[in-house]
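J.:
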Amino acid sequence: MSVVTRFAPSPTGFLHIGSARTALFNWLFARHHGGKFLLRIEDTDRERSTQEAIDAIIDSMNWLQLDHDKEIYLQSQFADRHVEVANELLAKGQAYKCYCTPQELDTMRAKATEEKRSPRYDGRCRNREESDLPFAVRFKAPIEGSTTIADLVQGDVTVHNDQLDDMVLLRNDSTPTYMLSVVVDDHDMGITHIIRGDDHLTNAFRQHHLYKAMGWDVPQFAHIPLIHGPDGAKLSKRHGALGAEAYRDMGILPEATCNYLLRLGWGHGDDEIISRQQAKEWFDVSGIGKSPARFDLVKLMNLNSHYLRETADADLVQRIEPWLNEKGFTLEGNKDILTRGMPGLKLRAKNLIELADNALFYLRSLPLPMDEKAQETLTPENLATVAKFVSALENQTTWTESALEEFARGFAETNDVKLGKLASPLRALLTGSTVSPSVFDIMSVLGKEATLERLRTTY
RNA sequence: GUCCCCAUCGUCUAGCCCGGCCUAGGACACCACCCUUUCAAGGUGAAGACACGGGUUCGAAUCCCGUUGGGGACGCCA
5 MSVVTRFAPS PTGFLHIGSA RTALFNWLFA RHHGGKFLLR IEDTDRERST QEAIDAIIDS
65 MNWLQLDHDK EIYLQSQFAD RHVEVANELL AKGQAYKCYC TPQELDTMRA KATEEKRSPR
125 YDGRCRNREE SDLPFAVRFK APIEGSTTIA DLVQGDVTVH NDQLDDMVLL RNDSTPTYML
185 SVVVDDHDMG ITHIIRGDDH LTNAFRQHHL YKAMGWDVPQ FAHIPLIHGP DGAKLSKRHG
245 ALGAEAYRDM GILPEATCNY LLRLGWGHGD DEIISRQQAK EWFDVSGIGK SPARFDLVKL
305 MNLNSHYLRE TADADLVQRI EPWLNEKGFT LEGNKDILTR GMPGLKLRAK NLIELADNAL
365 FYLRSLPLPM DEKAQETLTP ENLATVAKFV SALENQTTWT ESALEEFARG FAETNDVKLG
425 KLASPLRALL TGSTVSPSVF DIMSVLGKEA TLERLRTTY
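Mind the numbering: the first sequence is residues 5 to 463 in this note's numbering, read in order.
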């Protein structure tokens, strides 16, 4: 049997980072087994679902390069089918009409809580007479016995059926609820493996009986632990846990994000850096741990600097474009110099924002904005050394990093100055800063003419 | 409150299923040193954990029970 997984987000906001991981796992599982990965937007809550959220989710999926098979399904498209199933269940006596009002349910739950009982629905409408009142349709769940789910991550989990209440299938306006829709859609779409957050674990028991009532095969479940914030509580905005696109906006690469998310709760021996290809080969739900993991932005950043160094120079130049634009610069006519400067630049950045910022000095016109510390290195004494160095440099023909370094070392020795004493004012004049790639790297990237121009500019 | 799940360095984890190879390994972060024109990167090293209590066993991080701590679910939300 071929594997079919799905990612089924509800479009009520951005793609939460935890959901992104769920999507990644489903994608990886399908790709590992050569199966299908479907995307279904669970928009049965028409009130809260927005097109904006749908777009944001699709954007993030694209960014993470989690490509889905077939078209994007909208759950609302299948509402008629869901109602049909509910009616079939009603006809078979496996569901019943519930006339309870919201107030009545509130009272019931309040009383149960007060008496320290579970606030779940007590099934009071199971035997109520037919009436003309508006009604919801509830599933008639078994009361006796127990249910066991052989979860691929959690193992065998058993719950007594008296813990399961009668879930609502159809609201009193005849619209289907999520509980009904997921089961029907997952069945109709031939989903074989449901990988989702373990906040759905208890739902799985009730859904199990719904499958059974319809005589359908129950898919395999894999309930993965949720991601927690640094304090161990459920990850929330407070922790800086935003949508996947927020990480993109922090200048984090999708490769780093996927690698980080993959390693969060899943491991393959001591391996830390795992390429997408490798991940596809290695991924298995049995490797997923059962305990929740805390989200650590510092580690993500570390991974990001690694992937930054691995990325091709020309590619990085393209990727920093948005941040360059933000600062008022364009790629036009600058691609070449940035690409040449990239090896020295990318070694020193944790993210694309830093990378873009650090690259700016290559693009600025003279005189450069000079920061305070850089200004301090421009003492009369240092400037005299620089002037002497510049005249000597005019005769330098081999304009490569190593040749320039050799030249500078020779110059320092014959003039009895320390290399550092020479390098710091050079750095200031070349970049306007005291922190940068190697000055000789910069000189070679800039070329002779531009280098001399910068070194002759006065501040 | 009821039910379910979890528990190895600060964090992510390896080891656990199939007890001995574990004086518990790796990574991030932290500290020190080396390299060095700055900053990084890189290298070397230090520090740092089997939640607790009982069993079982010749032997337990690994198996069992309990305690404690954490998490999740209990919507006409998804």
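All C-beta atoms, glycine included, are put in the ideal place defined by N, C-alpha and C. Remember, it's a predicted structure, so these values are computed and weren't measured experimentally.
Taking the C-alpha atoms as reference points, what is the distance between residue 126 and residue 262?
T.: So the two alpha carbons sit approximately 44 Å from each other.
J.: Residue 231: which of 54, 43, 293, 101 sits nearest, CA to CA?
T.: Per the Cα distances, 293.
J.: Where in the stretch 150–219 do unbroken runs of the alpha helix (DSSP H), each at least 4 residues long, occur, reported from the N-terminal end onward?
T.: Segments of the alpha helix (DSSP H) lying fully in the stretch 150–219: 182–192, 205–218.
J.: As an exercise, report each continuous alpha helix (DSSP H) stretch of at least 4 residues that is fully enclosed by the stretch 49–127, in chain order.
T.: Complete alpha helix (DSSP H) runs here, min 4: 55–67, 83–95, 106–118.
J.: Rounded to a whole number of angstroms, what is the C-alpha to C-alpha distance between residue 239 and residue 283?
T.: Going from the Cα of residue 239 to the Cα of residue 283 covers about 25 Å.
J.: Between which two residues does the beta strand (DSSP E) carrying residue 323 extend?
T.: Element bounds for residue 323: not the beta strand (DSSP E) but the alpha helix (DSSP H), 317–323.
J.: With DSSP as the reference, label residue 421 as helix, strand or coil.
T.: Residue 421: coil per DSSP, three-state reduction.
J.: Determine the contact status of residue 413 and residue 433, defining contact as a CB-CB distance below 9 Å.
T.: Taking 9 Å as the Cβ cut-off, residue 413 and residue 433 do not qualify as a contacting pair.
J.: With a Cβ-Cβ cutoff of 9 Å, do residue 188 and residue 85 count as a contact?
T.: Contact flag set, yes.
J.: In the DSSP assignment, what are the bridge partners of residue 432?
T.: None, per the DSSP bridge assignment.
J.: Is the beta carbon of residue 156 sitting closer than 9 Å to the one on residue 197?
T.: Yes. Within cutoff.
J.: Per DSSP, residue 365 forms a beta bridge with which residues?
T.: Answer is none; residue 365 lacks a bridge partner.
J.: Starting from the Cα of residue 454, find the closest Cα among 440, 403, 424 and give me that residue.
T.: The shortest Cα separation from residue 454 among 440, 403, 424 belongs to 403.
J.: Taking the continuous alpha helix (DSSP H) assigned at residue 302, which residues delimit it?
T.: Residues 301–314.
J.: Note down, in chain order, each residue of its chain lying with its Cβ closer than 7 Å to the Cβ of residue 135, except the 5 sequence neighbours on either side.
T.: Closer than 7 Å at the Cβ level, and outside the excluded window around residue 135, lie 103.
J.: Looking only at its own chain, which residues have a Cβ that is under 7 Å from the Cβ of residue 71, when we skip the five neighbours before and after it?
T.: Around residue 71: no qualifying Cβ.
J.: Can you tell me the Cα-Cα spacing of residue 295 and residue 233, whole angstroms?
T.: Roughly 13 Å between the two C-alpha positions.
J.: Residue 282 lies in the alpha helix (DSSP H); which residues open and close that run?
T.: 280–286 is the span of the alpha helix (DSSP H), which, as asked, contains residue 282.
J.: If residue 33 sits next to residue 8, beta carbons under 8 Å apart, how far is it from one beta carbon to the other, in whole angstroms?
T.: With 8 Å as the limit, residue 33 and residue 8 do not qualify as a contact, their Cβ atoms being about 10 Å apart.
J.: Taking its Cβ as the centre, do 16 or more other Cβ atoms sit within 10 Å of residue 227, making it buried, or is it exposed?
T.: By the 10 Å Cβ count, residue 227 comes out buried.
J.: Please give the ranges of any alpha helix (DSSP H) in the stretch 330–410, keeping only runs that are unbroken, at least 4 residues long and fully inside the region.
T.: As far as the stretch 330–410 is concerned, its whole alpha helix (DSSP H) runs of at least 4 residues are 339–350, 356–367, 376–381, 384–397.
J.: From the DSSP output, read off the bridge partner residues of residue 140.
T.: Residue 140 is bridged to 102.
J.: When we look at the beta-carbon of residue 247 and count the other beta-carbons within 10 Å, is it buried (16 or more) or exposed?
T.: Buried: at least 16 other Cβ atoms inside 10 Å.
J.: Let me make sure I understand the geometry here. Which of 309, 367, 56, 51 has the alpha-carbon closest to that of residue 335?
T.: Comparing Cα positions, the closest option is 367.
J.: How about residue 30 and residue 18: are their beta carbons less than 9 Å apart?
T.: No; because the gap between Cβ atoms is not below 9 Å, this pair is not in contact.
J.: Check whether the stretch 173–184 and the stretch 86–93 touch, using three or more Cβ-Cβ pairs below 8 Å as the test.
T.: Contact holds: three or more Cβ-Cβ distances are below 8 Å.
J.: Just reading off the beta strand (DSSP E) that residue 261 is part of, what are its end residues?
T.: Where residue 261 is concerned, there is no enclosing beta strand (DSSP E), although the alpha helix (DSSP H) it sits in stretches over 258–267.
J.: Inspect the CB distances between the stretch 146–161 and the stretch 201–217 and report whether three or more fall short of 8 Å.
T.: Yes, the stretch 146–161 touches the stretch 201–217.
J.: CB-CB under 7 Å to residue 342, same chain, minus the five flanking residues each way: which ones, in chain order?
T.: For residue 342, where only same-chain residues beyond five positions count, the Cβ hits under 7 Å are 321, 363, 366.
J.: Give the DSSP-derived three-state secondary structure of residue 446 in the structure shown.
T.: It is helical.
J.: Could you tell me which of 23, 42, 16, 58 sits nearest to residue 51, measuring between CA atoms?
T.: Considering only alpha carbons, the answer is 16.
J.: Is residue 12 helix, strand or coil by DSSP?
T.: Looking at residue 12 - three-state DSSP - the assignment turns out to be coil, as it is neither helix nor strand.
J.: Between which two residues does the alpha helix (DSSP H) holding residue 452 run?
T.: Run containing residue 452: 452–460, per the alpha helix (DSSP H) assignment.
J.: Does the count of Cβ pairs from the stretch 58–70 and the stretch 249–263 closer than 8 Å reach three?
T.: Enough Cβ pairs lie closer than 8 Å, so yes.
J.: For the candidate residues 389, 381, 391, whose alpha-carbon lies nearest to that of residue 435?
T.: It is 381 whose Cα lies nearest to the Cα of residue 435.
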